Amino acid sequence: MFKEIQDRVRSSVPLVHNITNYVTVNDVANAILACGGSPIMADDIEEAADITSICGGLNINIGTLNHNTIPSMFAAGKRANELGHPVLLDPVGAGASQLRTDTAVRLLSELDISCVRGNISEIRTLAEGSGTTKGVDADAADAVTEENLSGAARYIKALARSLNTIIAVTGAIDLVTDGDKCFVIRNGQPLMGKITGTGCQLSGITAAYLTANPQDPLTAAAAAVATMGLAGDMAYSHMLPGDGNATYRNRIIDAICNMDGETLEQGAKYEII
Amino acid sequence: MFKEIQDRVRSSVPLVHNITNYVTVNDVANAILACGGSPIMADDIEEAADITSICGGLNINIGTLNHNTIPSMFAAGKRANELGHPVLLDPVGAGASQLRTDTAVRLLSELDISCVRGNISEIRTLAEGSGTTKGVDADAADAVTEENLSGAARYIKALARSLNTIIAVTGAIDLVTDGDKCFVIRNGQPLMGKITGTGCQLSGITAAYLTANPQDPLTAAAAAVATMGLAGDMAYSHMLPGDGNATYRNRIIDAICNMDGETLEQGAKYEII
Amino acid sequence: MFKEIQDRVRSSVPLVHNITNYVTVNDVANAILACGGSPIMADDIEEAADITSICGGLNINIGTLNHNTIPSMFAAGKRANELGHPVLLDPVGAGASQLRTDTAVRLLSELDISCVRGNISEIRTLAEGSGTTKGVDADAADAVTEENLSGAARYIKALARSLNTIIAVTGAIDLVTDGDKCFVIRNGQPLMGKITGTGCQLSGITAAYLTANPQDPLTAAAAAVATMGLAGDMAYSHMLPGDGNATYRNRIIDAICNMDGETLEQGAKYEII
């Protein structure tokens, strides 16, 4: 099932508009190119909606948000909604400041968001309107584990229904749900947490997968999550002595670049609950 | 001929002021360092002209342009013109939004631009005042091919004369012309299109080559284009199974770093028409 | 002595707020992660102080400063001072423009800065209120050498006393002093100057080391400088034919990622004068 999703990304080359942070933007662009999409970054209010118009999907990432780019997120989001384009929201650091929490909550309430991709602390912040995010990383107390999995899945499903969106919570175990079905994905490696921006990269490729697969957004989002995790697994298996987080970062993008639908289908470790 | 051009970059270490996008800025800086130049990035209106004054050349790249940086492009450009410094314009995404098209056209009309470096769709947009750019990549319908080469060269030559600038159009075949002579360069690999910012990097190193070689700007620009393409060829020849666009990106910058004038002279594949 | 400093970084995972330039920000984030810290980047005035509040230390880097981010540097700095967090200042390009010089001088006078990390030309600019910085690189005429070492150390010590801060001057020979003791560190490789942002990365990890080691800030800063230099040495020793500045960049971050306190202790080449 993931095979067809991935193949469609490579055959249709979805053009994705990204309003994203300047920390990880280069990796996001290269990850979107690697998976078969085509990225464009533009965040000035005078062109945000125009750029959305020529694209097929929109990726809004609030890392390094500011008073110039926040209005552009809304303008691009509204245009994307008018055009029926998928809109992904990555609420980076929601809970770390009032500005981030408020902006993420407002984006969710004023726009039709197709998918929210974040760590569990960011997602909890959206659910509760305030948070305990430790910077841009998830709070360990919030982590999804094998022990609390069924409760966590129930929680995320209820939130997805309430927000009327797909939610992709990533961490040691990833959950992707539309409120009804929930993919539980077990690819990925702890060392990915030592690279800045693996989450941002995943949000970018998820936007590309959603854009190329309007017929099945839930499976598209799950396939994107599995792609990132499997790329992390494959890259990790080739790590040599002396390699660290910088080389691992490159190897993950390389693995996405080389991944075809068949490899994804066979390597993805998931169940649906 | 390219040998002396490259040697002069390494011996003079030209200082290049870059007002450029935040997507590829790190790669641009490392590429300029790799070719023998020294980059400085500064885009606030309060320092843009001052920074230009201490440099030898200016690279203006309109990717992620915004209402703060656009006035800085003009201020820096005017100062560079006063000082007789070469000014390179990379019209990233011209045609993708009115803001980009208008800004690129205004920069060309209000500043004395030494060289425009872009893909064929961006260059056509400048010629026609509107465009069909597909995001930041060239439209396949516009591509320069062996079949339409002589017509394309005539078109670019006429445009260079009309705009009174050197134009470097890069793609599968690169054309670099001052309106009179036209270099046709056949280095480079298709996989370079899967890396974000190879064009931006080329613009940065072209600015360095122009700065170090005021006596022959056309050959300087052609040598820069050949350097980037040859670096792409050399890096490609060392790709191993599992390598993808991230490793290729690094290997291209590495190849620029290791390239001497002799290697460039021997590896450059060009004719002058 | 450096061993315990480094171990404390890895065991406490200091959260560092960075207001930094967009050229090297990704490498700064990955370097902080590599050394055992956790970075967050935020520069909008509406959240700068809030983000500082949830962190343990602050890294202010004036590369690509602008009229939006300068007020955020002061707001975050004041909050950090109120909370007793260490504040590091990297005066990138001080001397290259009036805006950079003035901003660096004002930050030093209005904030309680724990440590200034820069090249010798930037540091001289701070001492003299104006400078001869050649862009973002040090002026060769200013370089600290074995010949002028004792005079340079005296100069930096006096400046550290006068500014009431730790000063870390990095170059071929690094000096780290609180005005009393001065560490002279001889790790590092010339090729590090061909990578954009090794100084910025060092400032980021220095902020992390200071945050994790409030009991001994001078040794913490010296240990950070030695970590970066030793990582440069280790990475250099593994360079292969064809490797250049891009691969070297990655290998340095990898080396930081793999460095434990024991390795640092044994590899650091320093004396105290």
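Heads up: the protein sequence lines correspond to chains A, B and C, in order. Heads up: the first sequence at position 84 corresponds to 84 in my numbering, and the numbers run straight through without jumps. For my numbering, count along the second sequence from 1 and bump the result up by 1000. For my numbering, count along the third sequence from 1 and bump the result up by 2000. Using N, Cα and C, we set each Cβ at its ideal position, and we do this for glycine too. No experiment lies behind these values; they were computed from the predicted model shown.
- Three or more beta-carbon pairs drawn from the stretch 1256-1273 of chain B and the stretch 2244-2253 of chain C are found closer than 8 Å, and the two stretches are therefore classed as touching.
- Chain order gives the chain C residues near B/His1238 as Gly2242, where near means a beta carbon separation below 8 Å.
- Between B/Asp1090 and B/Gly1179 the beta-carbon gap is near 19 Å, outside 8 Å, which marks them as no contact.
- Taken in chain order, the unbroken stretches of alpha helix (DSSP H) that lie wholly in the stretch 2120-2169 of chain C and span 4 residues or more are 2120-2128 and 2149-2163.
- Around the Cβ of A/Ile272, a 10 Å sphere holds fewer than 16 other Cβ atoms; the residue is exposed.
- In the displayed model, C/Pro2071 falls within a helix according to three-state DSSP.
- A/Ala172 and C/Arg2008 have their C-alpha atoms spaced approximately 25 Å apart.
- Not flagged as an interface residue toward chain A: B/Gln1201, since no C-beta distance is shorter than 8 Å.
- When rounded, the separation of the alpha-carbon atoms in B/Leu1088 and B/Tyr1155 is 20 Å.
- Assignment of alpha helix (DSSP H) within the stretch 229-261 of chain A, counting only whole runs of 4 or more residues, yields 245-258 in chain order.
- Closest in C-alpha terms to A/Cys35, from the list A/Ala75, A/Ala220 and A/Asn66, comes A/Ala220.
- The distance from the Cβ of C/Leu2218 to that of C/Lys2181 is about 6 Å, consistent with a contact at the 8 Å cut-off.
- Between C/Ser2038 and chain A, the shortest Cβ-Cβ separation is below 8 Å.
- Think of a sphere of 7 Å around the beta carbon of B/Leu1065: the chain A residues whose beta carbon falls inside it are Asp44, in chain order.
- Burial of C/Gly2057 is indicated by the presence of at least 16 other C-beta atoms within 10 angstroms of its C-beta.
- When secondary structure is reduced to three states using DSSP, A/Glu47 falls in the coil class, being assigned neither helix nor strand.
- For B/Ala1222, the number of other beta carbons within 10 angstroms of its own is at least 16, and it is reported as buried.
- In the three-state scheme derived from DSSP, where H, G and I count as helix and E and B as strand, A/Asn26 is classed as helix.
- With a threshold of 8 Å between beta carbons, B/Ile1051 makes contact with chain C.
- Contact holds between the stretch 1071-1081 of chain B and the stretch 1098-1114 of chain B, because three or more Cβ pairs, one in each stretch, are under 8 Å apart.
- Judged by DSSP in its simplified three-state form, B/Val1116 adopts strand.
- Between C/Ile2040 and C/Asn2018, the gap from beta carbon to beta carbon is short of 8 Å.
- Assignment of beta-bridge partners to B/Glu1271 by DSSP yields B/Val1184.
- In the three-state reduction of the DSSP assignment, B/Met1001 falls in the coil class.
- Relative to C/Ala2048, the option among A/Ala48, A/Ile54, A/Ile45 and A/Gly63 whose CA is nearest is A/Gly63.
- Ranking A/Glu4, A/Ser38, A/Leu99 and A/Ala29 by CA distance to the CA of A/Gly197 puts A/Ala29 first.
- Taking B/Ile1120 as reference, the option from B/Asp1137, B/Arg1106, B/Val1105 and B/Ala1104 with the minimal CA-CA separation is B/Asp1137.
- Shown here, A/Ile40 sits in a strand according to DSSP, grouped into three states.
- A distance below 6 Å between beta-carbons, with the five flanking residues on each side excluded, links B/Asp1043 to the following residues of its chain, in chain order: Ile1019, Thr1069 and Ser1072.
- In this structure, the beta-carbon distance from C/Val2225 to C/Leu2210 does not fall below 8 Å.
- With contacts defined by Cβ atoms closer than 8 Å, B/Ile1123 and B/Val1176 do not form a contacting pair.
- The contact set of C/Lys2194 on chain B, defined by CB atoms closer than 9 Å, consists of Asn1030, Leu1033, Ala1034 and Cys1257 in chain order.
- The beta-bridge partner set that DSSP reports for B/His1017 consists of B/Ile1040 and B/Leu1058.
- Residues of the same chain with a CB within less than 6 Å of the CB of A/Tyr236, apart from the 5 flanking positions on each side, are Gln189 in chain order.
- Annotated as proximal: C/Asp2233 and C/Asn2187, with beta-carbon spacing under 8 Å.
- Straight through space, the alpha carbons of C/Ser2011 and C/Gln2098 are spaced by roughly 41 Å.
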